[in-house]
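Student:
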Amino acid sequence: MSVGHSKSAAHAANMKHIASVVAAYWIVSISMVYLNKVLMTNSEFSIPAPLFMTWFQCFFTTCLCYVCGELGEVQRRKGKATGYFMQFPAMRYTGTVARKVGVLSLVFVGMMTFNNLCLKYVEVSFYNVARSLTIVFNVLLSLAILRTFVSLPTVACLFLVFVGFWVGADGEVNFSLLGTLSGVTSSLFVSLNSIYTKKVLPAVNDNQWVLTFVNNFNACILFLPLIFFLELPILLQHWTTLFSPLFWTGMCLSGLLGFAIGTVTVMQIKATSPLTHNISGTAKAAVQSLLAFYLWGNPATTKSLLGIALVLGGSSAYTFVAMREAEKKRRTSGLAGGGGGSKSNGSTEVGALLPVKSPGATGSGAGVKLTGA
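Using this note's numbering, you'd call the opening residue of the sequence shown number 17 and step up by one each time.
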């Protein structure tokens with residue numbers, strides 16, 4: 017076999033691998049949003065208790081992290097060098113670490129709660145627009161807290177996103193003020209989540225899986241009093257549904273998808289790049305919104321479609337601008353240090369959810385979120 021033919025075959029195999037990983041990311045992410053929408057709104061086999069559902073998704077993720085950690089220990093004891101579960105350390109919950117992660121957990125509870133409230137009250141086609149201000153809050157918080165410089169191209173991108181949000185909201189036929197405000201609040205918490213995730217990672221030896229476990233464990237505890245005071249009457253009213261196999265099948269599948277989004281997100285970034293991951297996430301959001309018009313029968317207006325286009329266009333432009341400015345900064349620092357340029361660590365993501373996941377994906381279950389998920 018010739019060298020050229022071998023390279024061609026290897027390239028084809030690599031392209032197939034990339035395509036399969038991207039497809040898996042799209043399927044898991046879109047399915048998670050759609051399933052959560054059904055669980056939040058379908059009265060036939062669900063319960064109108066978003067806090068309880070969010071608590072269960074966190075509980076499910078906590079259990080999965082623990083099980084994966086134990087399976088990882090089994091593989092390590094057998095002396096295996098590779099294996100999926102090798103990435104999971106043994107999960108242990110201690111009061112010291114729990115307290116260090118406490119503030120992040122409060123933010124995480126707010127992020128998950130308002131994300132699911134947004135999904136419950138807005139049309140699926142408007143969901144991405146309602147939560148589109150995350151990058152705006154990212155920049156504003158960086159400016160306020162870190163005193164970072166904001167370039168004119170970045171401001172232009174953010175303005176485009178804000179205009180898209182405004183136009184999309186104005187064009188919604190079934191507009192929900194509560195759902196939209198929940199989306200905006202969720203966006204703020206997503207930005208805060210990324211900041212506090214970076215601050216507390218050293219407390220868990222920079223291991224995202226341990227952080228996910230502890231963060232979700234904390235969230236399970238924090239949700240309990242909220243459920244007791246706000247949703248106990250609802251749960252008692254729908255107590256028969258709590259014994260429905262269909263209800264628990266949907267809940268478990270939602271928790272599994274919430275856990276899986278972290279894995280497929282990491283896989284996509286490793287197979288491509290952070291930039292390609294964000295582009296893929298933007299394209300996925302467009303398909304997710306357009307499919308919703310058909311699957312849910314959401315009424316489409318010129319303004320709603322224009323809002324989606326402006327939000328996705330502004331988000332894509334922001335991704336390119338941020339990557340270009342980051343590369344320029346690396347080159348400048350490399351020249352200033354007398355070297356030939358610094359090596360990129362491949363991570364320009366601003367958020368954190370499982371090793372990277374999605375509260376829309378905001379996946380409900382992880383603890384570390386990436387934009388575009």
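For glycine and all other residues, C-beta sits at the position ideal for the given N, C-alpha and C.
1. Can you say whether P249 is buried or exposed, counting buried as having 16 or more other CB atoms within 10 angstroms of its CB?
2. Within the same chain, show all residues whose beta-carbon is closer than 8 Å to that of M102, passing over the 5 residues directly before and after it, in chain order.
3. Does DSSP put M127 in a helix, in a strand, or in coil?
4. Quick check on DSSP: helix, strand or coil for G329?
5. Apart from the five residues on each side of it in sequence, which residues of its chain come closer than 7 Å, Cβ to Cβ, to F68?
6. What residue from Y143, N234 and T317 has the CA that sits closest to S203's CA?
7. Could you compute how far the alpha carbon of G313 sits from the alpha carbon of P261?
8. Please determine whether the Cβ atom of P290 lies at a distance below 7 Å from any heavy atom of the ligand COA.
9. Are the beta-carbon atoms of F61 and G266 separated by less than 8 Å?
10. Any beta-carbon of chain B closer than 8 Å to the one on C84?
11. Following the continuous alpha helix (DSSP H) through D222, name the residue where it begins and the one where it ends.
12. Taking just the CA atoms, how far does V337 sit from G356?
13. Spatial neighbours of A301 within its chain, please: C-beta separation below 7 Å, excluding the five flanking residues on both sides.
14. Does H293 come out as helix, strand or coil in the three-state DSSP assignment?
15. How would you write the range of the alpha helix (DSSP H) that Q91 sits in, first residue to last?
16. Grab the span of the alpha helix (DSSP H) containing A270 for me, first residue to last.
17. By alpha-carbon positions, which one of Y41, I63, P64 and M128 ends up nearest to N231?
18. Determine the DSSP secondary structure at V230, reduced to helix, strand or coil.
19. Return yes when the Cβ of M48 is within less than 8 Å of the Cβ of I277, no when it is not.
20. Exposed or buried, which one is W71 when buried takes at least 16 other CB atoms within 10 Å?
21. Would F153 and S198 qualify as a contact pair, given that the criterion is a beta-carbon distance under 8 Å?
22. Short of 7 Å in beta carbon distance, which residues of its chain neighbour V226, apart from the five on each side in sequence? Order them along the chain.
23. Count the other C-beta atoms from every protein chain shown that fall within 10 angstroms of the C-beta of L168, then say buried if there are 16 or more, exposed otherwise.
24. Note down, in chain order, each residue of its chain lying with its Cβ closer than 6 Å to the Cβ of S305, except the 5 sequence neighbours on either side.
25. Leaving out the 5 sequence neighbours to the left and right, which residues in its chain are closer than 6 Å to V189 when beta-carbon positions are compared?
Tutor: Let me spell this out:
1. For the purposes of this step, residue 249 is taken as residue 233 along the sequence shown, with counting starting at 1. Under this definition P249 is an exposed residue.
2. Here residue 102 is taken as the residue at index 86 of the sequence shown, counted from 1. If we look at M102 and ignore the five residues flanking it on each side, its Cβ neighbours are G88, Q91, R92 and K96.
3. Locating residue 127 in the sequence shown gives position 111, counting from the first residue. Helix.
4. The residue labelled residue 329 in the question sits at position 313 within the sequence shown. In the structure shown, G329 sits in a helix (DSSP, three-state: H, G or I).
5. In the sequence shown, the residue the question calls residue 68 occupies position 52. The answer, listed in chain order, is I243, E247 and L251.
6. Your numbering for residue 203 matches position 187 in the sequence shown. For the residues Y143, N234 and T317, the minimum Cα distance to S203 belongs to Y143.
7. As a position in the sequence shown, residue 313 is number 297, starting the count at 1. As a position in the sequence shown, residue 261 is number 245, starting the count at 1. Straight-line Cα distance between these residues: approximately 28 Å.
8. Questions concerning the ligand COA fall outside what the structure shown contains, since it holds no ligand whatsoever.
9. Position 45 of the sequence shown, counted from the start, is the residue given in the question as residue 61. Position 250 of the sequence shown, counted from the start, is the residue given in the question as residue 266. Contact flag set, yes.
10. The displayed structure is made up of one protein chain only, and chain B is not part of it.
11. Along the sequence shown, one-based indexing puts residue 222 at 206. No alpha helix (DSSP H) holds D222; DSSP gives it neither H nor E.
12. Sequence index remark: in the sequence shown, residue 356 carries index 340 (1-based). Sequence index remark: in the sequence shown, residue 337 carries index 321 (1-based). Caution is warranted here: a pLDDT of 41 is assigned to G356, below 50, making its placement in the model unreliable, and no coordinate value can be reported.
13. Working through the sequence shown from its first residue, we reach residue 301 at position 285. Cβ neighbours of A301 beyond the five flanking positions: N144 and L328.
14. The residue labelled residue 293 in the question sits at position 277 within the sequence shown. Residue state, collapsed to three classes: helix.
15. Taking the sequence shown and counting its residues from 1, one reaches residue 91 at position 75. First-last of the alpha helix (DSSP H) with Q91: P66 to R93.
16. Here residue 270 refers to the residue found at position 254 of the sequence shown. Here residue 270 turns out to be Ser, not Ala, going by the sequence shown. P261 to A287 is the extent of the alpha helix (DSSP H) around S270.
17. As a position in the sequence shown, residue 231 is number 215, starting the count at 1. Answer by Cα proximity: M128.
18. What you label residue 230 is simply residue 214 of the sequence shown in a count that begins at 1. Three-state result, V230: helix.
19. By 1-based counting over the sequence shown, the position of residue 277 is 261. By 1-based counting over the sequence shown, the position of residue 48 is 32. Their beta carbons are under 8 Å apart, which means I277 touches M48 by this criterion.
20. To locate residue 71, count along the sequence shown from 1; it is residue 55. W71 is buried by the Cβ-count criterion.
21. Against the sequence shown, residue 153 aligns to sequence position 137. Against the sequence shown, residue 198 aligns to sequence position 182. Result no, Cβ atoms of F153 and S198 do not sit closer than 8 Å.
22. By 1-based counting over the sequence shown, the position of residue 226 is 210. Excluding positions up to five away in sequence, the list reads P105, M107 and V220.
23. For the purposes of this step, residue 168 is taken as residue 152 along the sequence shown, with counting starting at 1. With fewer than 16 other Cβ atoms within 10 Å, it is exposed.
24. Along the sequence shown, one-based indexing puts residue 305 at 289. Cβ within range, chain order: S141, N144 and I324.
25. The residue you call residue 189 lines up with position 173 of the sequence shown. These residues qualify, in order along the chain: P315.
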